[in-house]
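Asker: A single structure is presented below for examination.
Number of protein chains: 2
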Amino acid sequence: MKREDKAGGEGGLEALMQGIGNAARAAQRELSLADSAQRNGALMAMAGALRGRTQAIIAANAGDIEDARRNGRPAAFIDRLMLDGKRIEAMAAGLEAIADLPDPVGRTLAEWTRPNGLRIARVCVPLGVVGMIFESRPNVAADAGGLCLKSGNAAILRCGSESLRSVAAIHAGLTEGLSNARLPEAAISLVPVPDRDAVGLMLAGLGGTIDVIIPRGGKGLVARVQAEARVPVFAHLEGICHVYIDKAADLEMARRIVVNAKMRRTGVCGAAECLLIDRAAPHLVKPLLEALIAAGCEVRGDAALQQADARVRPASEADFGHEFLDAVIAAKLVDGVTGAIGHIARFGSDHTDAIVTEDRATAEWFLARVDSAIVLWNASTQFADGAEFGMGAEIGIATGRFHARGPVGLEQLSTFKYVVHGSGQTRAP
Amino acid sequence: MKREDKAGGEGGLEALMQGIGNAARAAQRELSLADSAQRNGALMAMAGALRGRTQAIIAANAGDIEDARRNGRPAAFIDRLMLDGKRIEAMAAGLEAIADLPDPVGRTLAEWTRPNGLRIARVCVPLGVVGMIFESRPNVAADAGGLCLKSGNAAILRCGSESLRSVAAIHAGLTEGLSNARLPEAAISLVPVPDRDAVGLMLAGLGGTIDVIIPRGGKGLVARVQAEARVPVFAHLEGICHVYIDKAADLEMARRIVVNAKMRRTGVCGAAECLLIDRAAPHLVKPLLEALIAAGCEVRGDAALQQADARVRPASEADFGHEFLDAVIAAKLVDGVTGAIGHIARFGSDHTDAIVTEDRATAEWFLARVDSAIVLWNASTQFADGAEFGMGAEIGIATGRFHARGPVGLEQLSTFKYVVHGSGQTRAP
Chain B
579 MKREDKAGGE GGLEALMQGI GNAARAAQRE LSLADSAQRN GALMAMAGAL RGRTQAIIAA
639 NAGDIEDARR NGRPAAFIDR LMLDGKRIEA MAAGLEAIAD LPDPVGRTLA EWTRPNGLRI
699 ARVCVPLGVV GMIFESRPNV AADAGGLCLK SGNAAILRCG SESLRSVAAI HAGLTEGLSN
759 ARLPEAAISL VPVPDRDAVG LMLAGLGGTI DVIIPRGGKG LVARVQAEAR VPVFAHLEGI
819 CHVYIDKAAD LEMARRIVVN AKMRRTGVCG AAECLLIDRA APHLVKPLLE ALIAAGCEVR
879 GDAALQQADA RVRPASEADF GHEFLDAVIA AKLVDGVTGA IGHIARFGSD HTDAIVTEDR
939 ATAEWFLARV DSAIVLWNAS TQFADGAEFG MGAEIGIATG RFHARGPVGL EQLSTFKYVV
999 HGSGQTRAP
Chain F
579 MKREDKAGGE GGLEALMQGI GNAARAAQRE LSLADSAQRN GALMAMAGAL RGRTQAIIAA
639 NAGDIEDARR NGRPAAFIDR LMLDGKRIEA MAAGLEAIAD LPDPVGRTLA EWTRPNGLRI
699 ARVCVPLGVV GMIFESRPNV AADAGGLCLK SGNAAILRCG SESLRSVAAI HAGLTEGLSN
759 ARLPEAAISL VPVPDRDAVG LMLAGLGGTI DVIIPRGGKG LVARVQAEAR VPVFAHLEGI
819 CHVYIDKAAD LEMARRIVVN AKMRRTGVCG AAECLLIDRA APHLVKPLLE ALIAAGCEVR
879 GDAALQQADA RVRPASEADF GHEFLDAVIA AKLVDGVTGA IGHIARFGSD HTDAIVTEDR
939 ATAEWFLARV DSAIVLWNAS TQFADGAEFG MGAEIGIATG RFHARGPVGL EQLSTFKYVV
999 HGSGQTRAP
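Going down the list, the sequences are from chains B and F. Position in the first sequence counted from 1, then plus 578, gives you this note's numbering. Position in the second sequence counted from 1, then plus 578, gives you this note's numbering.
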């Protein structure tokens, strides 16, 4: 039985979505042939259009904010949703910064000549059509749309229903920019209806028109995407990042790194959620706990840690492998680097883990055996970020093992093909 | 309701398969830390063990062959299944050749230093556990097992029920080699039962223990794997390879390339299945048709082509986009390079397509616009092969856009992680 919905019946929604998929696919073909100057021109025009539409965007956003308030959404939600002149300027500047990045499309990644004279090149090409599913932050539309355009990919944006007015206003600026640069507007398409079933249709790939899905949002969204998607997904479900302080750590450095890894920003996926301290280094325990607590962090640990500092609260088993995204950290004594590696293998999320030590051999042991997307020696886990890696900008962080691992930037939004130049070669029987 | 099956009930099969997955995962951890010499030592020992077991392997194979004959399997099937001293020696030599290849594990793919002094390296690491699902060719066990071992991956081999005795005998040689090199035997595991449900369990990922599935076999197998797998798949469903002969082609070269692309071996995925000739080059049509027909190829084409050579048989619409894997080719006149690109976009399978022309601009236009894993200019499509690309050996060819595209060799069986060396860096607020 067909159900009615806002897009005019199930068939209506399906037809609408398939139309978006087909148009994006066609636009992508055109985009992949547009030269660098044309794509960069569109990015600059998009930035200009966002600036020119600042008032309209703020007005649209006000409607979303009002609804969110009426629906009793928490302050953090409303802060993520809110747009002002400063945030709109940041979006525009972000698009200009993307235009300034080197063009990945057409870059020769490797090239070699075979004994028979065949010249084989691995050439960077766009992935295709990116399905971007996000929640309340409207700026994702501009950031993701810009990165996809730069890398020759078409984007299909699907935002949370509560930010649809804001995103539609931003999207109007993006398509104005595309149109100014004579690129197809469908290169950045927006799902214009709030129907939840649209997500399911995208996860099924819209009849082969979507090549990859990138979710941005809470754990519930990412988990659903990972469970249901029939196309590849670039995502991380959570960032359970560990900092292991080895007995050979420099105390000053350990203190600085632990406090930064946890407290610089507690809501980012690269924030540390668990502190592991070498059992053989009792002299490090008290000062590290003190530093965290002094910085406003709640520390949860076992009896030994509570004995070291009475302000440590008892940890439950559930505190390990938990993403607090808050000023809370689980802490534990472990049996040296081997104990740390075992703990991370059991409780980590393959995201980012760090060791602090002055002992090179211990560090190399850790770096080789912790199988996370990012492993660091004597540096804060908060460096888990495309811009910090020098990629210019990122569309997300992936913890899968395929294609994109770690920050997803322009290079990870690209694939390659083999281009072979011959002079009449045939293959021997 | 539970069904009985050969593995002792559904629970029995599930438990068996999960046990294989868990053991492979544990073995992979050990493997990823084994050094190059140990993995190469195992490959050499495996080669020796296969040679030492030649008689036992031939005896086991005789049982499979006898059953296949009794079941009325066609001659081509029995040829694929058959093992003799020469084929066993080829497997052993193949393992030695893999040992000689450079080690991908631990290779630094890229390295750069950030302004804050962080040194970021992208380091090659194994993918993990590879599920290899294949049909009647028993040699796939040695080839795939060897490539996985070399690249630090564990392999779970699942062969067709009709080759199980042969593969089990080969597998015994592989595990003997692993054991001699003191590597875990589960690094190359064999599904020891013929139950078809084992495939479904592997496609579901065996509780997260399988990282990638590689199918090798007929279109039915690959289609099932692509439709049902819940983990990434490296595969090509079919190779609908095109050769486009441009009006600016050199006739001699065109003739040589077309005949080789079609007729060198008709059963490989890189064999041409469709000949496209520029409508503006009537002088090329007759000699190319004659050359193909003289080489024993059936040509199917429209009225214009039948007029050029009366031996051309009428083509139906279904002949285009069809993988003949035989001495048959579909042929068509197209409106220049644009017509060829359009035809390939509609009927191709993203595998391998070639242009023959002396005109560089036309060639570049074709190479940029045909979005297949491999595009060639003035060379035969039969070069679509890992060894011909200089990769040493391949485990298959992939037409997906992610991670592995084209020949799947050691590099494509690897992923990477970011290893960051710091000196106490913390991230600015």
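The C-beta atom is built at its ideal place from N, Cα and C for all residues, glycine as well.
Pick out whichever of Ser614/B, Gln616/B, Gly672/B and Leu829/B has its Cα sitting closest to the Cα of Ile973/B.
Answerer: Looking at the Cα atoms, Gly672/B is the closest of the given residues.
Asker: Put Lys995/F into one of helix, strand or coil per three-state DSSP.
Answerer: Lys995/F falls in the strand class under three-state DSSP.
Asker: Quick check on Glu740/B - is its C-beta less than 8 Å from some C-beta in chain F?
Answerer: Not an interface residue.
Asker: Using alpha carbons as the reference points, say which of Ile598/B, Phe967/B, Leu988/B and Gly984/B lies closest to Thr691/F.
Answerer: Among Ile598/B, Phe967/B, Leu988/B and Gly984/B, the Cα nearest to that of Thr691/F is on Phe967/B.
Asker: Classify Leu687/B as buried or exposed, calling it buried when 16 or more other Cβ atoms lie within 10 Å of its own Cβ.
Answerer: Burial call: exposed.
Asker: Determine which residues of the region 680-693 of chain B have a Cβ less than 7 Å from any Cβ of chain F, and write them out in chain order.
Answerer: Those residues of the region 680-693 of chain B that come within reach of chain F (Cβ to Cβ, closer than 7 Å) are Trp690 and Arg692.
Asker: Which of the residues in the region 826-841 of chain F, read from start to end, lie with their CB under 7 Å from any CB of chain B?
Answerer: Result list: Met831, Arg834, Ile835 and Asn838.
Asker: Can you pull the chain B neighbours of Gly984/F, defined as C-beta to C-beta under 7 Å?
Answerer: By Cβ distance, chain B contributes Tyr996.
Asker: Assuming contact is defined by CB atoms lying nearer than 8 Å, are Asp662/F and Ser614/F in contact in what I supplied?
Answerer: No, they are not a contact pair.
Asker: With a CB to CB cut of under 7 Å and the five nearest residues on each side skipped, what residues in its chain are close to Phe655/B?
Answerer: Excluding sequence neighbours, Phe655/B sits near Ala646 and Ser714.
Asker: For a test of the three-state rule: what should DSSP assign to His820/F, helix, strand or coil?
Answerer: Of the three classes helix, strand and coil, the one that applies to His820/F here is strand, per DSSP.
Asker: For the putative contact between Glu851/F and His900/F, defined by C-beta atoms under 8 Å, what is the C-beta separation to the nearest angstrom?
Answerer: Correct: roughly 7 Å between the Cβ atoms.
Asker: Straight-line CA distance for Asn1008/B to Ala965/B?
Answerer: Lying before the first or after the last residue shown, residue 1008/B is absent from chain B, which here runs from 579 to 1007.
Asker: Do the CB positions of Asp824/B and Thr935/B come within less than 8 Å of each other?
Answerer: Yes, the pair counts as a contact, with Cβ atoms nearer than the cut-off.
Asker: Which term fits Gln633/B, buried or exposed, when burial requires 16 or more other beta carbons within 10 angstroms of its beta carbon?
Answerer: Exposed.
Asker: Report the neighbours of His820/F on chain B: residues whose CB is nearer than 9 Å to its CB, in chain order.
Answerer: None at all; the shortest Cβ gap to chain B is about 14 Å.
Asker: Go through its chain and collect everything with a Cβ distance to Ala668/B's Cβ below 8 Å, but skip five positions before and after it.
Answerer: Around Ala668/B: Asn717.
Asker: Any contact between the region 691-705 of chain F and the region 762-781 of chain F? By contact I mean 3 or more CB pairs, one from each, below 8 Å.
Answerer: The region 691-705 of chain F vs the region 762-781 of chain F: no contact.
Asker: Find the nearest neighbour of Arg857/B within the set Arg878/B, Tyr822/B, Ala872/B and Ala625/B, judged by alpha-carbon distance.
Answerer: Nearest C-alpha to Arg857/B: Tyr822/B.
Asker: If we define contact as Cβ-Cβ less than 8 Å, is Leu991/B a contact residue for chain F?
Answerer: Chain F, which has no Cβ nearer than 8 Å to the Cβ of Leu991/B, makes this no.
Asker: Just checking: is the beta-carbon of Asp789/F within a distance shorter than 8 Å of some beta-carbon in chain B?
Answerer: Asp789/F counts as touching chain B.
Asker: Enumerated in chain order, which unbroken segments of the beta strand (DSSP E) with a length of 3 residues or greater are wholly contained in the region 837-906 of chain F?
Answerer: DSSP runs (the beta strand (DSSP E)) wholly in the region 837-906 of chain F: 850-856 and 876-879.
Asker: Might you give, ordered along the chain, the residues of its own chain that have their beta carbon closer than 6 Å to the beta carbon of Ala859/B, omitting 5 neighbours on each side?
Answerer: Lys825, listed in sequence order.
Asker: Is the shortest distance between the beta-carbon of Pro762/B and the beta-carbons of chain F less than 8 Å?
Answerer: For Pro762/B, the answer is no, since every Cβ of chain F falls outside 8 Å of its Cβ.
Asker: Short of 7 Å in beta carbon distance, which residues of its chain neighbour Glu763/F, apart from the five on each side in sequence? Order them along the chain.
Answerer: The residues are Thr753, Leu756 and Ser757.
Asker: Which residues in chain B have a C-beta closer than 8 Å to the C-beta of Val592/F? List them in chain order.
Answerer: Inspection of the sequence shows that residue 592/F is occupied by Glu rather than by Val. Correct list: empty, because the minimum Cβ distance to chain B is about 20 Å.
Asker: Using the C-alpha atoms, what's the distance from Arg665/F back to Arg651/F?
Answerer: Using only the alpha carbons, I get a separation of about 21 Å.
Asker: Short of 8 Å Cβ to Cβ, which residues in the region 790-812 of chain F face chain B?
Answerer: Those would be Val790 and Pro810, in chain order.
Asker: Using 8 Å as the limit for Cβ to Cβ distance, is Ile952/F near chain B?
Answerer: Output row for Ile952/F: interface = yes.
Asker: With DSSP as the reference, please indicate the residues paired to Leu768/B in a beta bridge.
Answerer: Leu768/B pairs with Leu735/B.
Asker: What does Ile698/F touch in chain B if you count any residue whose Cβ is under 7 Å from its own?
Answerer: Within 7 Å Cβ-Cβ: Phe967.
Asker: Output needed for Ile922/F: all residues of its chain with C-beta closer than 7 Å, excluding positions within five of it in sequence on either side, in chain order.
Answerer: Excluding residues within five positions, the ones whose Cβ falls inside 7 Å are His820, Asp931 and Val948.
Asker: Under DSSP, the alpha helix (DSSP H) around Asp937/F begins and ends at which residues?
Answerer: Neither: Asp937/F is in no alpha helix (DSSP H) and is coded neither H nor E.
Asker: To the nearest angstrom, how far is the alpha carbon of Val906/F from that of Arg697/F?
Answerer: For Val906/F and Arg697/F, the distance between alpha carbons rounds to 56 Å.
Asker: Return no unless some Cβ of chain F is closer than 8 Å to the Cβ of Ala957/B.
Answerer: Ala957/B counts as touching chain F.
Asker: Just mark Lys797/F as buried or exposed, buried being the case when its beta carbon has 16 or more other beta carbons within 10 Å.
Answerer: Under this definition Lys797/F is an exposed residue.
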